[in-house]
Amino acid sequence: MGEIHYANTDLDLVAPRDLTPLTDALNALSIYTLNLGQGNDGRWYSTLEVNSGELETDPERTIRAMLDAIEALDGEAKQLWAECSKREFNIGYDCGDEPWAFNQGLSNATLQRMAAMGATLRITIYPERPPRQLAADQS
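Here the working numbering is used: the first residue of the sequence shown is 111, the next is one more, and so on.
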């Protein structure tokens with residue numbers, strides 16, 4: 111089995127109207143859109159993340175970078191952030207059986223900033239999976 115490690119933090123958003131102005135503003139601040147679209151329920155959904163290897167070592171640094179960008183929003187993007195019914199930081203971890211104990215945390219200051227922005231926190235644990243074989247290898 112492999113090692114437990116931090117994978118990434120996604121910022122998941124849900125809003126009653128098109129999130130494009132908000133995601134465009136965040137993209138300009140180095141927060142990149144993974145997906146954006148309207149659901150069958152009529153609401154708009156987007157997932158964003160920081161695309162920087164040096165920030166992707168722990169959730170504290172990643173979330174701080176996202177908060178810096180969110181706090182810099184103005185105009186329509188800031189209004190759209192306020193209209194979101196979901197503003198969630200989703201911290202992901204890949205599982206394994208080593209090390210025996212693994213932990214990471216968020217500082218009080220980061221948690222306070224998240225709360226001030228009306229954001230919630232979720233943690234996702236991804237199970238260890240065998241490596242996928244290419245279709246050509248399966249023939």
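C-beta: ideal position from N, C-alpha, C; glycine also. Please read all numbers here as calculations on a predicted model, not as lab measurements.
{"Asked": "Boundaries of the beta strand (DSSP E) in which GLY147 is found, first to last residue", "Found": "141-148"}
{"Asked": "Residues that DSSP places opposite ARG197 in a beta bridge", "Found": "LEU123"}
{"Asked": "Which residues DSSP lists as bridging GLY202, in chain order", "Found": "ASN118, THR234"}
{"Asked": "THR167 beta carbon less than 8 Å from that of ASP120", "Found": "no"}
{"Asked": "Nearest-angstrom Cα separation, counted from GLU238 out to PRO126", "Found": "36 Å"}
{"Asked": "C-alpha distance - ALA187 paired with GLY152, whole-angstrom precision", "Found": "20 Å"}
{"Asked": "Collapsed DSSP secondary structure at THR157 in the structure displayed", "Found": "strand"}
{"Asked": "Neighbourhood of ASN137 by C-beta distance below 7 Å, restricted to the same chain and skipping five residues each side", "Found": "THR143"}
{"Asked": "Coil, strand or helix - SER249 by DSSP", "Found": "Residue placement at SER249 is flagged as unreliable, the pLDDT there being 47, under the threshold of 50; the coordinate-derived value follows with that caveat. Coil, per DSSP."}
{"Asked": "Close-in-space but distant-in-sequence residues of the same chain around LYS196 (CB under 7 Å, 5 per side omitted)", "Found": "ASP122, LEU123, VAL124"}
{"Asked": "Test item: CB-CB of ILE141 and ALA179 under 8 Å", "Found": "yes"}
{"Asked": "Residue closest to ARG223, alpha-carbon to alpha-carbon, out of GLU170, ASN213, GLU113, VAL160", "Found": "GLU170"}
{"Asked": "Beta-carbon proximity list for ALA229, same chain, < 7 Å, skipping 5 on both sides", "Found": "ARG197, GLU198, PHE199"}
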